[in-house]
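Taking it in order: structure first as structure tokens, then the write-up.
Numbering (our numbering), first residue to last: 14 to 640.
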């Protein structure tokens, strides 16, 4: 018994000692943190800076955990020599050119202050936690703002999905806007509820795409800290922008309020969103500051302009470098054909002058309408001429023939462009087509964007050198060769957007679909003007499988308009509907639809059977009663 009591006493003594040690260590830790913050604030004040620091969840992180907060990786030029026909598009060159040539539609009378948060163009602050995913949060914030402006809707899109489904597989290891934009143009964004954020890589959920990016612009390069007016103009023209800054300073980790300053030369390592500015806010080098949205939660910057946001002095911490903007997006539902799986990481090829031709061959997986051509633009004020061809010769040197369409124009900034065709082109499943573009820059001799990373690049080690063999280049626009760099087939950053197959048919000169065919593979509304009336005695007959009716007037679901105002051409999701235009549409009972003949017959037969069964039952019952 005495041994048991002794053991219990020793155990209690041990537990009491542990509590004392824990309390002591905790009580000692807090004054040390407070003392460090006091010294940090004194150093800030003695430097003539005007911001306050305070304890937050970040100030308690270890150095290793702190390093995981900053995941922006700026595009780096190659270490070794490149093949003679390949160049890396320097961001310093982009800065120099943009100042002289691109105005970004600068507005007169630039406001001295602007706040997109107050206008409802900014979504709530999120928290990336100890994961280097700031580059994803800034990108998703960009598209959320774009949707807020265009649709007057606050969205919450999934950073986790954009990271887990990205071919670069970077996530917490860091990335940049080119990597995120490549994913957002190829795929798009799903809702946060589909794939919630967990601060580490998981599996791709293949969430339903809510928005797909179709236009993106590079605003500044590595000298963006000096491009203040240009960034302001971009915010006014495009909305809040993706940008970067250096965020390794303890003062930024502990930021609580005021105008943050850091005047070291460290290059950016953190992606944020610039959502406004104020020219009158004072700092040690003058006045003026950017309003930024961070992704470190609302505990950070708790007493700033908004919790989780901060003021950063113009030019401080290299803020403004590598600024870009999503300029438009769509609702998805359109098939994007491409071979440049990894997108454009800054590498370009040329044929010795500032003009070169690039072409890409596509084989559509389904019939539809080619409505726009996408490409990466390597220069601002670059002229482009798009030509769609139907045929390609069998061997090199390759030639293209049977032109189907043409479009031309000029880029405004470096970036990603989706150019709508004035006249959509019908493409047929399995029947190839070629998109050819003549690029003419303002002096840069490598006009063609390519999916290429040189050997030995450690950061982009995920890149797969295998090309599709469907990309072609030319110096004269007449004869082409397959693009090969260093003996490996390489792909060009040219893409094609094809809408789902419409309800296509033949247009006849008579009213009974027996006269001469005056147009093939056209929707009903292009044959017959308007819904509910024949035009010039014409008729239309669906060419694909389905009903066997001849139309003199189009059913409502075939009139080529958006009757219910949901941004989709109407397609009631009814198997009995005579049309099939937009597969993303849902049933719309407000829009009448003509049932197919088989459906009508089956319904009629069913009703007749029911009537007959009722008749038999009545007479049998009468027979038994009489018998």
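The C-beta atom is built at its ideal place from N, Cα and C for all residues, glycine as well.
- Setting aside the 5 residues that flank it on each side, residue 370 is surrounded in the same chain by 451, 487 and 490, each with a C-beta closer than 6 Å to its C-beta; the list follows chain order.
- By the neighbour-count definition (other C-beta atoms within 10 Å, threshold 16), residue 56 is an exposed residue.
- In the displayed model, residue 130 falls within coil according to three-state DSSP, outside both helix and strand.
- Residue pairing of residue 401 in beta bridges, as defined by DSSP: 418 and 448.
- Secondary structure at residue 195: helix, using DSSP grouped into helix, strand and coil.
- Between residue 367 and residue 485 a beta carbon distance of about 19 Å is seen, past the 8 Å cut, so the two are scored as non-contacting.
- Under a 10 Å Cβ-count criterion, residue 419 is classified as exposed, with fewer than 16 other Cβ atoms of the shown protein chains found around its own Cβ.
- Taking 7 Å as the cut-off, the Cβ atoms of residue 325 and residue 294 do not count as close.
- Note on residue 376: under 16 other CB atoms within 10 angstroms of its CB, so exposed under the neighbour-count rule.
- Beyond the five residues adjoining it in sequence on each side, residue 191 comes within less than 8 Å, by CB distance, of 88, 356, 357, 358 and 359 in the same chain, given in chain order.
- Bounds of the beta strand (DSSP E) holding residue 306 are 299-306.
- Taking 7 Å as the cut-off, the Cβ atoms of residue 334 and residue 410 do not count as close.
- Annotation: the continuous beta strand (DSSP E) that includes residue 288 extends over 283-296.
- Around the beta carbon of residue 165, a 10 Å sphere encloses fewer than 16 other beta carbons of the protein chains shown; the residue is thus reported as exposed.
- The C-beta of residue 469 has fewer than 16 other C-beta atoms within 10 Å across all chains shown, which makes the residue exposed.
- Nearest to residue 60 by C-alpha distance, out of 219, 296 and 129, is 296.
- Secondary structure remark: continuous alpha helix (DSSP H) runs of at least 4 residues inside the segment 127-183, in chain order: 147-164 and 172-177.
- Ranking 379, 309 and 463 by CA distance to the CA of residue 443 puts 379 first.
- Beta-bridge partners assigned by DSSP to residue 517: 536.
- For the 7 Å CB-CB criterion, residue 383 and residue 511 form a contact.
- Distances from the alpha-carbon of residue 186 to those of 170, 212 and 507 put 212 closest.
- For residue 203, same chain residues with a beta-carbon under 8 Å away, outside a window of 5 residues either side, are 170, 171, 174, 218, 220, 221, 222 and 223 in chain order.
- Listed in chain order, the alpha helix (DSSP H) runs fully inside the segment 54-100 are 76-80, counting runs of at least 4 residues.
- In chain order, 84, 172, 176, 184 and 185 place their CB closer than 7 Å to the CB of residue 146, counting only its own chain and leaving out the 5 sequence neighbours on each side.
- Here the alpha carbon of residue 300 sits roughly 42 Å from the alpha carbon of residue 208.
- Contact annotation: residue 229 and residue 429 have beta-carbon atoms nearer than 7 Å.
- When the beta-carbon positions are compared, residue 477 and residue 353 stay at least 7 Å from each other.
- Scanning 234, 309 and 254 for the CA closest to the CA of residue 260 turns up 309.
- Relative to residue 167, the option among 137, 194 and 141 whose CA is nearest is 137.
- Nearest in C-alpha terms to residue 277, of all of 265, 285, 287 and 434, is 265.
- Only residues of its own chain outside the window of five on either side were considered, and among them 101, 467 and 470 have a CB closer than 8 Å to the CB of residue 91, listed in chain order.
- For the set 68, 513, 566 and 565, the Cα lying nearest the Cα of residue 345 is the one of 513.
- If the five residues before and after residue 531 are omitted, its C-beta is found closer than 6 Å to the C-beta atoms of 520 and 522, all from its own chain and listed in chain order.
- Membership of residue 371 in the beta strand (DSSP E) is indicated by the continuous run 368-375.
- Following the DSSP letters along the chain, one finds residue 247 in no beta strand (DSSP E) but inside the alpha helix (DSSP H) bounded by residues 241-251.
- The Cβ-Cβ distance between residue 196 and residue 161 does not fall below 7 Å.
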